[in-house]
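Sequential numbering of the sequence shown, starting at 1, is according to full-length UniProt numbering.
Think of the CB as a built atom: it goes at the ideal place given N, C-alpha and C, for glycine as much as any other residue.
Predicted, not measured: the structure shown is a model, and the values here were computed from it.
Structure first, then comments.
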Amino acid sequence: MKVMIVEDEMLLAMELESEVEMAGHQVTGLAMSSIQAREQIGKSKPDFAFVDIHLMDGPTGIDVGRELSAAGIPYVFVSGNIKRIPEDFAGALGAIEKPYTMNGMKNALAYVSAIIAGDCSGSPPASLVLAERDTFPKRRFG
């Protein structure tokens, strides 16, 4: 799976990149601002994205999420304040609250990877707060 990471804290982005790669996935790009994220969406065409809400250019992660959703790219918010996520989750599959453990992130990545592959039989890990099922992109999760 090709994964994009949208995170303005470089250390967290690098740790997440390492975790994604250790899980056997490819990181197609790192973005620290909404402008960089928009460039990555068009250039790298990810299968999935992790998106922080507050980026270098302000609380623009929700806008990035809406663009990902409109493009049919599933994503999960990663945020220190998940209460800032809109009620409709802006089309996200769910959210992971910071601070998170690497084990929690690994479990969430495995669950999301299975969902994207069409296997909805697993249970979500405690580290992942799910959005309502009907907010999932229909073209990916029919």
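6 Å CB neighbourhood of residue i in its chain, flanking five on each side removed
| i | result |
| --- | --- |
| L109 | A23 |
Beta-carbon contacts of residue i that lie in its chain and below 8 Å, excluding the five residues immediately before and after
| i | result |
| --- | --- |
| residue 145 | In this structure the chain extends from 1 to 142, so residue 145 is not present and cannot be described. |
| residue 158 | Within the shown structure, residues of the chain are numbered from 1 to 142, placing residue 158 beyond reach of any answer. |
| D57 | S33, S34, I35 |
| L130 | L93, G94, P124 |
Nearest neighbour of residue i, chosen from the options [CA to CA]
| i | options | result |
| --- | --- | --- |
| L93 | P99, M105, I73 | I73 |
| R38 | I5, K83, E87 | I5 |
| H25 | L130, S113, D119 | S113 |
| M10 | G29, M1, K2 | G29 |
| M1 | K43, I41, A49, D8 | A49 |
Host beta strand (DSSP E) of residue i (start-end)
| i | result |
| --- | --- |
| S79 | 75-79 |
| residue 200 | The requested residue 200 does not occur in the structure, where the chain is confined to residues 1 to 142. |
| E67 | Element bounds for E67: not the beta strand (DSSP E) but the alpha helix (DSSP H), 61-70. |
N-terminal and C-terminal residue of the alpha helix (DSSP H) that residue i is part of
| i | result |
| --- | --- |
| A13 | 10-22 |
| M105 | 102-116 |
| G42 | 34-44 |
Supposed close pair residue i, residue j - CB separation, criterion 8 Å
| i | j | result |
| --- | --- | --- |
| L55 | G61 | 6 Å |
| D119 | S79 | About 26 Å; that fails the 8 Å criterion. |
Beta-carbon proximity list for residue i, same chain, < 7 Å, skipping 5 on both sides
| i | result |
| --- | --- |
| A13 | I5, E7, L30 |
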